[in-house]
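Participant: According to our numbering, the stretch in the sequence shown is residues 8 to 459, in order. Quick reminder that beta carbons are idealized off the backbone N, C-alpha and C, glycines included.
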Amino acid sequence: MRNFINRYKQNYIELLKLGIPIMIGQLGIIIVGFADNIMVGHHTSEELAAASFVNNLFNLPIMFGMGFSLGLTPLIGALVAKNHVAKAGQSLRYSLYTNFILSLCLILIMTVVYFNIEKMGQPEDLYPLIKPYYLVQLSGLVFIMLFNSFKQFADGIMDTRTSMFILLSGNVLNIIGNYILIFGHIGMPELGLLGAGISTLTSRISNLLLFIFIFFFTTRYSRFKKGFYHYKDKENTFSFLVKSGLPIALQMGMETGAFNLSVIMMGWFGSAALAAHQVVATFTTIGFMLYYGIGAATTILVSNAGGAGRYTDIKPIANAGFHIILTMSLFIALLMLFLREHIGYLFTDSDEVSHIVALLIIPTVVYQFGDGLQVAYANALRGVGDMKPMAVIAFISYFMISLPCGYLFGVIFDGGPMGIWWGFPLGLTTAGCLFYARFRYKTKSFDSVMAI
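#1: Report the CB separation of Leu366 from Phe442 in whole angstroms; it is logged as a contact under 8 Å.
#2: Is there contact between the stretch 42-49 and the stretch 178-186, where contact requires at least three CB pairs shorter than 8 Å?
#3: Can we say the stretch 58-66 touches the stretch 208-217, given the rule of at least three CB pairs closer than 8 Å?
#4: Please report how far the alpha carbon of Ala282 lies from the alpha carbon of Thr169, in whole angstroms.
#5: Can you check the stretch 307-373 for any alpha helix (DSSP H) of at least 4 residues that lies completely inside it and give the ranges in chain order?
#6: Taking only the alpha-carbon atoms, compute the straight-line gap between Gly423 and Leu308 and give it to the nearest angstrom.
#7: Suppose contacts are defined by Cβ-Cβ distances below 7 Å. Is Gly260 in contact with Phe71 by that definition?
#8: Exposed or buried, Ser444, counting other C-beta atoms within 10 Å across all chains shown (16 or more means buried)?
#9: Our contact map puts Val364 next to Val418 with C-beta atoms below 8 Å; I'd like the distance itself, whole angstroms only.
#10: Please work out which residues of its chain come closer than 7 Å, Cβ to Cβ, to Glu83, disregarding the five sequence neighbours upstream and downstream, and give them in chain order.
#11: Return helix, strand or coil for Glu21, following the three-state DSSP convention.
#12: Based on Cα-Cα distance, which residue from Met273, Ile20, Gly300 lies nearest to Gln33?
#13: Of the choices His50, Ala398, Gly430, Asn326, whose alpha-carbon is the least far from that of Lys250?
#14: Thinking C-alpha only, which one of Tyr414, Ala383, Ile29, Ile293 is nearest Gly426?
#15: Specify whether the stretch 173-180 and the stretch 108-115 touch according to this definition: at least 3 beta carbon pairs, one from each stretch, less than 8 Å apart.
#16: Using CA atoms only, rank isn't needed, just tell me which of Leu136, His284, Ala340, Leu208 is closest to Met152.
#17: With DSSP as the reference, label Gly84 as helix, strand or coil.
#18: Can you name, in chain order, every residue of its own chain whose Cβ lies under 6 Å from the Cβ of Trp428, other than the five neighbours on each side?
#19: Using 8 Å as the Cβ pair cut-off and three pairs as the minimum, do the stretch 327-343 and the stretch 302-316 touch?
#20: What would DSSP say about Gly74, mapped onto helix, strand or coil?
#21: Counting pairs of beta carbons, one from the stretch 335-342 and one from the stretch 374-389, are three or more of them closer than 8 Å?
#22: What did DSSP end up calling Arg227 once you bin it into helix, strand or coil?
#23: Does the Cβ of Tyr2 have 16 or more other Cβ atoms within 10 Å, making it buried, or fewer, making it exposed?
#24: Within this structure, are the beta carbons of Phe220 and Arg100 separated by less than 7 Å?
#25: On the DSSP letters alone, give me the boundaries of the alpha helix (DSSP H) that Asn181 sits inside.
#26: Is the beta carbon of Leu268 less than 7 Å from the beta carbon of Leu410?
#27: Helix, strand or coil for Asn386 per DSSP?
#28: Quick one: grab the DSSP three-state call for Leu198.
#29: So, using beta-carbon positions, are Gln285 and Ser59 closer together than 7 Å?
#30: Which residues mark the beginning and the end of the alpha helix (DSSP H) in which Asn90 is found?
#31: Which class does Val39 belong to by DSSP, given the choice of helix, strand or coil?
#32: Between Ser455 and the rest of its own chain, which residues show a CB-CB distance below 6 Å, the 5 nearest in sequence each way excluded?
#33: Rounded C-beta distance between Lys158 and Pro254? I'm assuming under 8 Å.
#34: State the CB to CB distance for the pair Lys449 and Val391, rounded to an integer number of angstroms; the pair is presumed to be in contact (CB under 8 Å).
#35: Which same chain residues, not among the five before or five after Ile205, have their C-beta less than 8 Å away from its C-beta?
#36: Between which residues of its own chain and Leu353 is the CB-CB distance below 7 Å, once the five residues before and five after are set aside?
Structural data, given as structure tokens:
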């Protein structure tokens, strides 16, 4: 065991050095999600159910946009490894262009959804809460997308701390805003769920403005500014970003889409099931965001190794990333299992909601391994630039396995909310195995230092 750890020791150190700031930033997002749901849930359980529905709908465009932005990270990592600083600056400029255009497209699509929202079969008493909150969330998409460009650029040059500090500052602003606007403190009106939405929008605008200030008005990124403003080359960076980002966006969008469509099915079982889904989804985001921190570090180091011609380092980096994620998944699974009877009461006083939460935790515990596996090797594939097969794998895993199984277990076999959630372990584990197999195939020509 000691020899095994020593072989990967340097990889573990490098991954944690890059990944911990990303994880802290993501944990900040999770804390805000917790604060949102706890405050909203204790305001009224109906608002928690409405928040569940809207947030899960918006998870799809947000994760699609995030996936699209991830195409920038391996490009920047490879360019920095080759010391092509000017082209890296230019790539950020093009990323801002593409993300802005994509955000407008996503806003248009979600506007169409808004005008058809009453056809989705949700409880009628929730729509007066859903509609204004939906519009506030809609207005924040462009700020999220532009922030993603700066964040993925910073990650690509191995500066993960700047994003961490910006996200944490935005999170503090969000929580304070929630407290003031949801409950109506310091003379402000009591806005409930709408107040939570306004607070979130304010923090997203603040995050973007802070990153703009740091990039353009400080010396931290000064070596990239000339390329940002003036660099031109014969290669079509715009086209490259679209071709590399779109498969990742489709992969993450389909994964999120499976969860979102399951929300619609959960709504068929009433407000309590919908609220329970939101509680469990919020809690399980802990695992995904922590895994994502190490996964993002894996992408950065793998792309950097490839750009520098250190091909024999790629497999050990990816495998070490999986080792760390596997360890975290075991810890998170045990934590959820031991706390499953109490998690619901953190968010709501409803015994019915808390009982459903305890049931949903069981399939959630089961899928932690599959989720960790798919995050680890999906990010490794991004690092080696093998993006196109990811969308196909995602379609098979989430739309041909996860969703149909969830409908079968939950609706056809009368398994209820818990039956719907049993589709997730099957889909995520399938995705993880296929991503791992694809990575092994793609890197079979590289000298393997060791197997997993």
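Facilitator: Walking through what the data contain:
#1: Here residue 366 refers to the residue found at position 359 when the sequence shown is read from its first residue. Here residue 442 refers to the residue found at position 435 when the sequence shown is read from its first residue. Rounded, the Cβ-Cβ distance is 29 Å, inconsistent with contact.
#2: Three or more beta-carbon pairs separated by less than 8 Å link the stretch 42-49 to the stretch 178-186, which places the two stretches in contact.
#3: no
#4: In the sequence shown, residue 282 corresponds to position 275, counting from 1. In the sequence shown, residue 169 corresponds to position 162, counting from 1. Whole-angstrom Cα-Cα distance: 35 Å.
#5: 321-346, 350-354, 358-373
#6: Position 416 of the sequence shown holds residue 423. Position 301 of the sequence shown holds residue 308. Answer to the nearest angstrom: the Cα atoms are 43 Å apart.
#7: As a working note, residue 260 is residue 253 in the sequence shown. As a working note, residue 71 is residue 64 in the sequence shown. In this structure, Phe71 lies closer than 7 Å to Gly260 by Cβ.
#8: On the sequence shown, position 437 is the one that residue 444 refers to. The sequence shown places Ala at residue 444, rather than the Ser named in the question. When all chains shown are included, Ala444 counts as exposed.
#9: By 1-based counting over the sequence shown, the position of residue 364 is 357. By 1-based counting over the sequence shown, the position of residue 418 is 411. Not really, about 20 Å apart at Cβ, beyond 8 Å.
#10: Numbered from its first residue, the sequence shown carries residue 83 at position 76. A small fix is needed here, since residue 83 is Ile in this sequence, not Glu. Result list for Ile83: Ala95, Ser98, Phe160, Gly163, Ile164, in chain order.
#11: For the purposes of this step, residue 21 is taken as the residue at position 14 of the sequence shown. DSSP places Glu21 in helix when its eight states are reduced to three.
#12: Working through the sequence shown from its first residue, we reach residue 33 at position 26. The candidate whose alpha carbon is nearest that of Gln33 is Gly300.
#13: Numbered from 1 along the sequence shown, position 243 holds the residue referred to as residue 250. Among His50, Ala398, Gly430, Asn326, the Cα nearest to that of Lys250 belongs to Ala398.
#14: As a working mapping, residue 426 is identified with position 419 in the sequence shown. The candidate whose alpha carbon is nearest that of Gly426 is Tyr414.
#15: no
#16: Locating residue 152 in the sequence shown gives position 145, where the first residue counts as 1. Nearest C-alpha to Met152: Leu208.
#17: In the sequence shown, the residue the question calls residue 84 occupies position 77. Helix at Gly84.
#18: By one-based count along the sequence shown, residue 428 stands at place 421. Cβ neighbours of Trp428 beyond the five flanking positions: Leu367, Pro370.
#19: yes
#20: To locate residue 74, count along the sequence shown from 1; it is residue 67. Reduced to three states, the DSSP call for Gly74 is helix.
#21: yes
#22: As a first step, residue 227 is located in the sequence shown; it is residue number 220 there, counting from the start. It is coil, neither helix nor strand.
#23: A question about residue 2 goes unanswered here, because the residues of the chain that appear run from 8 up to 459.
#24: Taking the sequence shown and counting its residues from 1, the one referred to as residue 220 is at position 213. Taking the sequence shown and counting its residues from 1, the one referred to as residue 100 is at position 93. Judged by their CB atoms, Phe220 and Arg100 are not nearer to each other than the 7 Å cut-off.
#25: The residue labelled residue 181 in the question sits at position 174 within the sequence shown. That run of the alpha helix (DSSP H) goes 167-190.
#26: Counting from 1 along the sequence shown, the entry for residue 268 is found at position 261. Counting from 1 along the sequence shown, the entry for residue 410 is found at position 403. Yes, they are a contact pair.
#27: Counting from 1 along the sequence shown, the entry for residue 386 is found at position 379. Three-state result, Asn386: helix.
#28: If you number the sequence shown from 1, residue 198 lands on position 191. Leu198: coil per DSSP, three-state reduction.
#29: Counting from 1 along the sequence shown, the entry for residue 285 is found at position 278. Counting from 1 along the sequence shown, the entry for residue 59 is found at position 52. In this structure, Ser59 lies closer than 7 Å to Gln285 by Cβ.
#30: In the sequence shown, the residue the question calls residue 90 occupies position 83. Asn90 -> no alpha helix (DSSP H), and no H or E assigned at all.
#31: Locating residue 39 in the sequence shown gives position 32, where the first residue counts as 1. The answer is helix: DSSP assigns Val39 an H, G or I state.
#32: Position 448 of the sequence shown, counting from 1, holds the residue named residue 455. At Ser455 the pLDDT is 47, less than 50, meaning the model places this residue with poor confidence; the figure from the coordinates comes in the next sentence. Correct list, in chain order: Lys322.
#33: Along the sequence shown, read from residue 1 onward, the residue named residue 158 stands at position 151. Along the sequence shown, read from residue 1 onward, the residue named residue 254 stands at position 247. Not quite, the Cβ-Cβ distance comes to about 20 Å (not below 8 Å), so this is no contact.
#34: Here residue 449 is taken as the residue at index 442 of the sequence shown, counted from 1. Here residue 391 is taken as the residue at index 384 of the sequence shown, counted from 1. The Cβ separation is near 6 Å, so the contact holds.
#35: Taking the first residue of the sequence shown as 1, we reach residue 205 at position 198. Contacts found: Val143, Gly184, Leu188, Leu198.
#36: Position 346 of the sequence shown, counted from the start, is the residue given in the question as residue 353. Ile45.
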